[in-house]
Every structure is written in structure tokens, then in C-alpha cells.
Amino acid sequence: MKKIVKTEEVAGGLEALMGEKVLVWCMNYHYHGVLTGVNDTEILLTEAKVVYKTGPLCGALKNAQELPSDLYLRISAIECYYKHEG
């Protein structure tokens with residue numbers, strides 16, 4: 118019989134990207150910014166932009182408009198996210 122005898126908790130998911138520039142795909146829009154906060158229900162993006170056209174997914178964003186303040190996004194609305202220098 119094989120058993121797991123040791124577990125180790127490591128930061129993953131959104132917490133692992135804290136301090137990084139990320140592209141967040143939500144149900145209606147995409148957002149870009151620096152991930153500076155994460156809790157159970159929302160994330161905080163600073164230097165936030167709403168992205169209307171991504172262009173090539175690995176390159177510069179084609180049409181991203183700066184928002185006037187920090188942006189709080191509901192985690193329940195997020196479809197995917199990844200590190201993106203944009």
C-alpha cells in the first residue's frame with residue numbers, strides 16, 4: 118500500500134502572482150494590471166487597464182485603456198489569468 122505521509126502547502130494560483138503584471142479574463146471584459154491584493158472574494162489590480170483588444174497574446178496589448186483608479190475584481194467573475202508584461 119502507498120500512503121501520502123507528508124503534505125506541504127505552497128503558494129499557488131493568484132497568490133503566486135502577487136506583485137506581477139497579469140492579464141485577467143473575466144466574463145465580460147479583460148483587465149491588465151499589477152496584482153497587489155488577493156482575498157477569498159476579490160483581487161486588487163493597481164495600474165489597472167481595461168483591455169478591449171489583446172492583439173497577439175504574448176505581445177503588447179493592442180487596445181488597453183487606463184482606468185482612473187485601482188480595480189477590485191470579483192474572483193467569481195474570473196475565467197482565467199496569467200502573467201503578462203503587456
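Residue numbers (the numbering used here): 118 to 203. Heads up, the beta-carbon is just placed ideally off N, CA and C, and yes, glycines get one too.
An exposed status is given to LYS200, since fewer than 16 other beta-carbon atoms sit within 10 Å of its beta-carbon.
Out of HIS149, ILE195, LEU140, the CA that lies nearest to the CA of ALA165 is found in HIS149. Collapsing the DSSP output to three states places GLU132 in a helix. For GLY176, there is no enclosing beta strand (DSSP E), as DSSP gives it neither H nor E.
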